[in-house]
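Notes follow once the structure below has been shown.
Number of protein chains: 2
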Amino acid sequence: MTSILLYDTTLRDGSQREDISLSVEDKLTIAQRLAAFGMHYIECGWPGSNPKDADFFARAVSMNLPARLAAFGRTRNPNGSCDDDTNLRALVVAGTPVVTLVGKSWDYHVTQVLSTTLAENLAMIGDSVAWMKARGKEVVFDAEHFYDGFLANPDYALATLRAAAAAGADWLVLCETNGGRLPWEMEAMTREVAARLPGAQIGVHCHNDTGCGVANSLAAVRSGATMVQGTINGYGERVGNADLVTILPNLQLKMGYAVLPEEKLRELTTLSRYVAEVANLKHNDHQPYTGHSAFAHKGGIHVAAILKSADTYQHIDPERVGNMMRSVTSELSGRGNIVLQARRMGLDLDNEAAQHVLAQIKHLEHEGFTFEAAEASVELMFHRLRADYRRPFELLDYFAITERRHGRGLVAEATVKVKVGELIKFTAAEGNGPVNALASALQEALVDHYPILRTVRLADYKVRILGGTAGTAANTRVLIDFQSGTEAWTTVGANANIIDASWRALSDSMEYALIRLVDKGAPDKG
Amino acid sequence: MTSILLYDTTLRDGSQREDISLSVEDKLTIAQRLAAFGMHYIECGWPGSNPKDADFFARAVSMNLPARLAAFGRTRNPNGSCDDDTNLRALVVAGTPVVTLVGKSWDYHVTQVLSTTLAENLAMIGDSVAWMKARGKEVVFDAEHFYDGFLANPDYALATLRAAAAAGADWLVLCETNGGRLPWEMEAMTREVAARLPGAQIGVHCHNDTGCGVANSLAAVRSGATMVQGTINGYGERVGNADLVTILPNLQLKMGYAVLPEEKLRELTTLSRYVAEVANLKHNDHQPYTGHSAFAHKGGIHVAAILKSADTYQHIDPERVGNMMRSVTSELSGRGNIVLQARRMGLDLDNEAAQHVLAQIKHLEHEGFTFEAAEASVELMFHRLRADYRRPFELLDYFAITERRHGRGLVAEATVKVKVGELIKFTAAEGNGPVNALASALQEALVDHYPILRTVRLADYKVRILGGTAGTAANTRVLIDFQSGTEAWTTVGANANIIDASWRALSDSMEYALIRLVDKGAPDKG
Numbered sequence: 001m002t003s004i005l006l007y008d009t010t011l012r013d014g015s016q017r018e019d020i021s022l023s024v025e026d027k028l029t030i031a032q033r034l035a036a037f038g039m040h041y042i043e044c045g046w047p048g049s050n051p052k053d054a055d056f057f058a059r060a061v062s063m064n065l066p067a068r069l070a071a072f073g074r075t076r077n078p079n080g081s082c083d084d085d086t087n088l089r090a091l092v093v094a095g096t097p098v099v100t101l102v103g104k105s106w107d108y109h110v111t112q113v114l115s116t117t118l119a120e121n122l123a124m125i126g127d128s129v130a131w132m133k134a135r136g137k138e139v140v141f142d143a144e145h146f147y148d149g150f151l152a153n154p155d156y157a158l159a160t161l162r163a164a165a166a167a168g169a170d171w172l173v174l175c176e177t178n179g180g181r182l183p184w185e186m187e188a189m190t191r192e193v194a195a196r197l198p199g200a201q202i203g204v205h206c207h208n209d210t211g212c213g214v215a216n217s218l219a220a221v222r223s224g225a226t227m228v229q230g231t232i233n234g235y236g237e238r239v240g241n242a243d244l245v246t247i248l249p250n251l252q253l254k255m256g257y258a259v260l261p262e263e264k265l266r267e268l269t270t271l272s273r274y275v276a277e278v279a280n281l282k283h284n285d286h287q288p289y290t291g292h293s294a295f296a297h298k299g300g301i302h303v304a305a306i307l308k309s310a311d312t313y314q315h316i317d318p319e320r321v322g323n324m325m326r327s328v329t330s331e332l333s334g335r336g337n338i339v340l341q342a343r344r345m346g347l348d349l350d351n352e353a354a355q356h357v358l359a360q361i362k363h364l365e366h367e368g369f370t371f372e373a374a375e376a377s378v379e380l381m382f383h384r385l386r387a388d389y390r391r392p393f394e395l396l397d398y399f400a401i402t403e404r405r406h407g408r409g410l411v412a413e414a415t416v417k418v419k420v421g422e423l424i425k426f427t428a429a430e431g432n433g434p435v436n437a438l439a440s441a442l443q444e445a446l447v448d449h450y451p452i453l454r455t456v457r458l459a460d461y462k463v464r465i466l467g468g469t470a471g472t473a474a475n476t477r478v479l480i481d482f483q484s485g486t487e488a489w490t491t492v493g494a495n496a497n498i499i500d501a502s503w504r505a506l507s508d509s510m511e512y513a514l515i516r517l518v519d520k521g522a523p524d525k526g
Numbered sequence: 001m002t003s004i005l006l007y008d009t010t011l012r013d014g015s016q017r018e019d020i021s022l023s024v025e026d027k028l029t030i031a032q033r034l035a036a037f038g039m040h041y042i043e044c045g046w047p048g049s050n051p052k053d054a055d056f057f058a059r060a061v062s063m064n065l066p067a068r069l070a071a072f073g074r075t076r077n078p079n080g081s082c083d084d085d086t087n088l089r090a091l092v093v094a095g096t097p098v099v100t101l102v103g104k105s106w107d108y109h110v111t112q113v114l115s116t117t118l119a120e121n122l123a124m125i126g127d128s129v130a131w132m133k134a135r136g137k138e139v140v141f142d143a144e145h146f147y148d149g150f151l152a153n154p155d156y157a158l159a160t161l162r163a164a165a166a167a168g169a170d171w172l173v174l175c176e177t178n179g180g181r182l183p184w185e186m187e188a189m190t191r192e193v194a195a196r197l198p199g200a201q202i203g204v205h206c207h208n209d210t211g212c213g214v215a216n217s218l219a220a221v222r223s224g225a226t227m228v229q230g231t232i233n234g235y236g237e238r239v240g241n242a243d244l245v246t247i248l249p250n251l252q253l254k255m256g257y258a259v260l261p262e263e264k265l266r267e268l269t270t271l272s273r274y275v276a277e278v279a280n281l282k283h284n285d286h287q288p289y290t291g292h293s294a295f296a297h298k299g300g301i302h303v304a305a306i307l308k309s310a311d312t313y314q315h316i317d318p319e320r321v322g323n324m325m326r327s328v329t330s331e332l333s334g335r336g337n338i339v340l341q342a343r344r345m346g347l348d349l350d351n352e353a354a355q356h357v358l359a360q361i362k363h364l365e366h367e368g369f370t371f372e373a374a375e376a377s378v379e380l381m382f383h384r385l386r387a388d389y390r391r392p393f394e395l396l397d398y399f400a401i402t403e404r405r406h407g408r409g410l411v412a413e414a415t416v417k418v419k420v421g422e423l424i425k426f427t428a429a430e431g432n433g434p435v436n437a438l439a440s441a442l443q444e445a446l447v448d449h450y451p452i453l454r455t456v457r458l459a460d461y462k463v464r465i466l467g468g469t470a471g472t473a474a475n476t477r478v479l480i481d482f483q484s485g486t487e488a489w490t491t492v493g494a495n496a497n498i499i500d501a502s503w504r505a506l507s508d509s510m511e512y513a514l515i516r517l518v519d520k521g522a523p524d525k526g
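Chain order of the listed sequences is A and B. Just so you know, the first sequence maps onto residues 1 to 526 in UniProt numbering. Just so you know, the second sequence maps onto residues 1 to 526 in UniProt numbering.
Now the structure itself:
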């Protein structure tokens, strides 16, 4: 069974999507998650173009992740030298084992956009690849606009590949940069390239401008490509990159390629939703394989038929990708992963407890909560079921105000009333905003009794409006990341009122901190 | 040039999507719009399954739309008679020129789901088609699960088609019902069917479960299908139906088929967004051809290249589908982007003005604003530079409170003080949350003087904390999407205080609405 390698460029090409803005922390958590999932290559960024990436690379490389990290950049400048090329030097400084160089393969671009000669472009490619190889890098050559170039001037397009290959490039990736091709064209052209470059390792990089990003990638694989570049959830500029979340199960479950272990494939749905959460984007309910609606069946007839025999209405068993069948009119499905999660926490739950948590989760999800990224909220539900569990505090009231008065400026204050043991604590705090003020007031109310909470701080805060186009009168979901030393966790809150949703997440987090930090002793200040 | 016919099932299959709920009025306006656009067939509903549809059919048929309206239903019951079949009779009562009958083509379904014999199923198909033909209908036979059936038992699957054809069916539509096939399978199987049924008019009906709904449909067309069934924006159950909005330009602009007149194709983007609006769904910014981001380019370098020659980075001229090229304003942009944007707004900016706006943008970006998605905020900056521009109102104060009191529940209120002309307006509003309350109070303060603002509503609301791990004391960026009829725009606000950031985005949006809506006249209510 042929192996296909996945090359994930969510953090570079994917992050060029208009409405994505990833902090360095976001990128690191995504990189870790991708590596844990089994992505073979992770393209982390473009050090020459974004100074923020320099810090990211330093930290990412030092994590020793199981994936091969790649830094992305261009071939040297026309008539320049590699030694003097700041972009190439930045790529080396990034310190990754892999460097991906994008170079022109379309003669039109060479003359019109780069304003140089066809020969010089070949030298740019050869020089840059050789220079990187000499520095011990695995080199991926991204042939930009390859298919347009191959149509316009096939000999030149192939010459660019040969220049890279001769200089030692490990991979020749054919990029369908404008996104305008259709699958049979991709299949035919890729086959021709593979025939003309026997022995070369060929990859493919597609975009989704004709709605065929997935199909185009699969077509290239059929023709000999053994690396597929893409992004999680198809994130990317314009219409997006090829969606690895759809491509992977297509390759493995439909086409019989070996890509990842079966148990990793089962984590696909969680991975897909996790990356959406971190990117603060709504997960696409209708995404192939991983969408909330992907295996949702309406009506009693379907469900009865499916209960008889699942393949009557489903093209695969959803559990193979970690999703589940849902029947929209009645909830028949269970939650194997809830029991799994409990077990992982060392909590032995009988069926009844798991069902209880399941029911609670379903009810809350109906109100807008999501738990894929908010594991602390789920864990808290389990702990509260323990016979010996006592709630550490009881929330009574809160009050939060923001005002801006002409000539006076901006003020945000909050008061919180909390019962801790027999005492009622009533605290006030100021903040830069109402949620910050609430967080401070709550922490202030609890620290006398629970000094360890002094170490807890709010690290990130994401808000989504749910319910399509209902605006701020719709349901609001808040995800809050907390940290204490190297411990980190996320809680969720949902309510039509953003402050109230935040309040829920804040108080759950304080309660959870007491479980998490006490178990582990004093937090590591390192 | 071969003609391909489009069969739109947005109102039937598309409306089975989980989060769509169309009223009879909605369906009628969509039907009219589809017909005006030039859809050849419009499948309106399932009269036997939805009593609401009866009223709809009566009204739709009486409109004498230029499209051929179709009513959808099943073949007769096993061992029943057509005359006594309530479903078939309802189809006739619907009064459409076309009736579409779905019947089983997969032997497995016939025996396991229908619990009848293979022979009886053939009779069901033949009888029902003949019965409809006798009543003067054009009959479309939808062969359900055809491709799975053809793989399992090709002779039987073909027999079902022959039964329909022999009874006079005008169209034999091969349905890829489970959505699990890949394009080359579709191409090969459809070719075989076409070869075995020479002279038949073949159609195809795909779903998107493998992310190949579009590619599968195109593959079938390459093999001889001359009708494509699908929905606007790919709406449908699970992962959706084949997206006609993507298929149409692929067929016509890429594959050279004659489908619709050029000037109709130019209405594609408007049609796509209109249907989303009526269905109360957010239009997919990243949809092929028609998405707001479909032809958006980041970075000064790309823009410079495109200004030189549009096909360097675009696979088609966006105006052919009624969309437009956009340059995305961001930290990377040089003067080129800004001037382009201004020119499109009909503003002639000299270099100095462009530099001024650019400097403003860079400064604000440093404070946390982002402008990629907030074009309205950028446009506003330009307008404010105009010598003849007068600010429509002046913000003085605001005040927003959220409180939850034990036994009293949750309250959110806001007051706003605004100067409009010589008047000072001081309004109060309640809301589900503080931002919602502020939005209402602001709108209330302005509508007497600017009645057109009554039509403005807040559609989506995104919040990010900036600055890595500084939590709620860090800078907060808010992006707010507004709508009025089919007009939509986005503004941005940033501040350490989430309420204040929202306030900025809200007030910019109201000011921008007055420019946008006044220029365009009253909003289109559809």
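Just so you know, even glycine gets a beta-carbon here, dropped at the ideal spot from N, CA and C. Since this is a predicted model, take the numbers as computed values, not measurements.
Min CB distance residue i to chain B below 7 Å
i             : result
residue 252/A : no
residue 175/A : no
residue 112/A : yes
residue 336/A : With a pLDDT of 48 at residue 336/A, under the threshold of 50, the modelled position of this residue cannot be trusted; read the value that follows with caution. Not one chain B Cβ lies under 7 Å of residue 336/A.
residue 240/A : yes
residue 315/A : yes
residue 90/A  : no
Beta carbon proximity, residue i to chain A, threshold 7 Å
i             : result
residue 206/B : no
residue 463/B : yes
residue 410/B : yes
In DSSP terms, what residue i is bridged to
i             : result
residue 419/A : 394/A and 424/A
residue 73/A  : 101/A
residue 412/B : 402/B
residue 239/B : Answer is none; residue 239/B lacks a bridge partner.
residue 480/A : 461/A and 491/A
residue 296/B : 326/B
residue 429/B : 414/B
residue 252/A : The partner list for residue 252/A (beta bridge, DSSP) is empty, contrary to what the question assumes.
Partners in chain A for residue i, counting only beta-carbon separations shorter than 7 Å
i             : result
residue 398/B : 403 and 404
residue 496/B : 432 and 433
Cross-chain neighbours of residue i in chain B, by beta carbon under 7 Å
i             : result
residue 507/A : Neighbours of residue 507/A on chain B: none; closest Cβ ~11 Å, over 7 Å.
residue 218/A : 182
Backbone CA spacing between residue i and residue j [nearest angstrom]
i             : j             : result
residue 386/B : residue 478/A : 40 Å
residue 438/A : residue 234/A : 37 Å
residue 532/B : residue 352/B : Limits of chain B in this structure are 1 at one end and 526 at the other, which puts residue 532/B out of reach.
residue 527/B : residue 443/B : Any property of residue 527/B remains undetermined from this structure, which presents chain B solely from 1 to 526.
residue 71/A  : residue 98/A  : 7 Å
residue 480/A : residue 211/B : 33 Å
residue 451/A : residue 426/A : 17 Å
residue 421/B : residue 390/B : 10 Å
Chain B residues whose Cβ lies nearer than 8 Å to that of residue i
i             : result
residue 312/A : 108, 109, 112 and 113
residue 214/A : 210, 211, 212 and 215
For the region 112-153 of chain A, list the beta strand (DSSP E) runs that are entirely contained and at least 3 residues long, ordered along the chain. 138-144
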